[in-house]
Amino acid sequence: MFQIGAKNTAKINFMMNIQRENGIDEVNCAFRMLNMSLDQFVEIQHSMVSLDLDFEMNEEYRNIIIDMNHKEDVNTIIQLCKKFNIKKGNIYCSIISSYDNGGFRLPSYIMYLIKEMQEIELDFSFVVC
Numbered sequence: 201m202f203q204i205g206a207k208n209t210a211k212i213n214f215m216m217n218i219q220r221e222n223g224i225d226e227v228n229c230a231f232r233m234l235n236m237s238l239d240q241f242v243e244i245q246h247s248m249v250s251l252d253l254d255f256e257m258n259e260e261y262r263n264i265i266i267d268m269n270h271k272e273d274v275n276t277i278i279q280l281c282k283k284f285n286i287k288k289g290n291i292y293c294s295i296i297s298s299y300d301n302g303g304f305r306l307p308s309y310i311m312y313l314i315k316e317m318q319e320i321e322l323d324f325s326f327v328v329c
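Here the sequence shown stands for residues 201 to 329, numbered as in the numbering used here.
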């Protein structure tokens with residue numbers, strides 16, 4: 201189990217629904233891509249329309265926020281990152297949420313995403329608000 205609490209120095213910024221399981225808050229997360237060039241944003245934006253994902257786009261700041269509620273969402277995000285060669289230093293990515301209540305448990309599919317992103321050398325951060 202991976203827990204992040206108030207003392208953790210990792211950055212996390214989340215957006216989700218809270219579910220309680222065995223006295224532990226389990227969060228649903230979103231994956232955020234930002235600081236894209238205009239060309240990257242337009243290319244990714246066009247390809248995302250056909251994907252089975254819940255997402256929001258901010259054209260002014262060229263940000264994309266993708267809800268991650270299932271392992272299938274994570275697999276689609278991984279394929280998207282591979283397709284567009286999103287790697288360290290290319291696009292800033294984070295897992296985000298607005299929840300911090302002294303610690304929570306990340307769903308197993310988030311741990312899967314972290315493992316897969318390390319394999320494709322994509323750095324991303326956690327941000328606590």
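No residue lacks a Cβ here, since even glycine has one placed at the ideal position from N, Cα and C. Please read all numbers here as calculations on a predicted model, not as lab measurements.
Give me whichever residues DSSP pairs with residue i in a beta bridge.
i      : result
Met344 : This structure leaves residue 344 out entirely; the chain is present only between 201 and 329.
Cys281 : Looking at the DSSP assignment, Cys281 forms no beta bridge with any residue, so it has no partner.
Here's a check: name, in chain order, each residue in its chain whose Cβ is nearer than 6 Å to the Cβ of residue i, leaving out the five neighbours to either side.
i      : result
Asp267 : Ala230, Asp254
Asn263 : Leu234
Does residue i come out as helix, strand or coil in the three-state DSSP assignment?
i      : result
Leu234 : strand
Phe214 : Here the model assigns Phe214 a pLDDT of 37, short of 50, so the residue's position is not dependable, and the following value carries that caveat. In this structure, Phe214 counts as strand in the three-state DSSP scheme.
Ile314 : helix
Gln203 : Because Gln203 carries a pLDDT of 37, less than 50, the predicted location of this residue cannot be relied on, and the following value inherits that uncertainty. The answer is strand: DSSP assigns Gln203 an E or B state.
When the Cα of residue i is compared with those of the options, which residue comes out closest?
i      : options                        : result
Asn235 : Val249, Ser250, Tyr312, Ile265 : Ile265
Lys282 : Ile244, Glu259, Glu256         : Ile244
Ile277 : Asn263, Asp252, Asn258         : Asp252
Glu260 : Glu319, Asn285, Val242         : Val242
Leu238 : Asn258, Val249, Ser250         : Asn258
Asp273 : Gln240, Met248, Phe284         : Met248
Gln240 : Arg232, Ile286, Ser250         : Ile286
Among residues of its own chain, excluding the 5 on either side of residue i, which ones have a beta-carbon nearer than 8 Å to its beta-carbon?
i      : result
Lys271 : Ser308, Tyr309, Tyr312
Looking only at its own chain, which residues have a Cβ that is under 7 Å from the Cβ of residue i, when we skip the five neighbours before and after it?
i      : result
Ser250 : none
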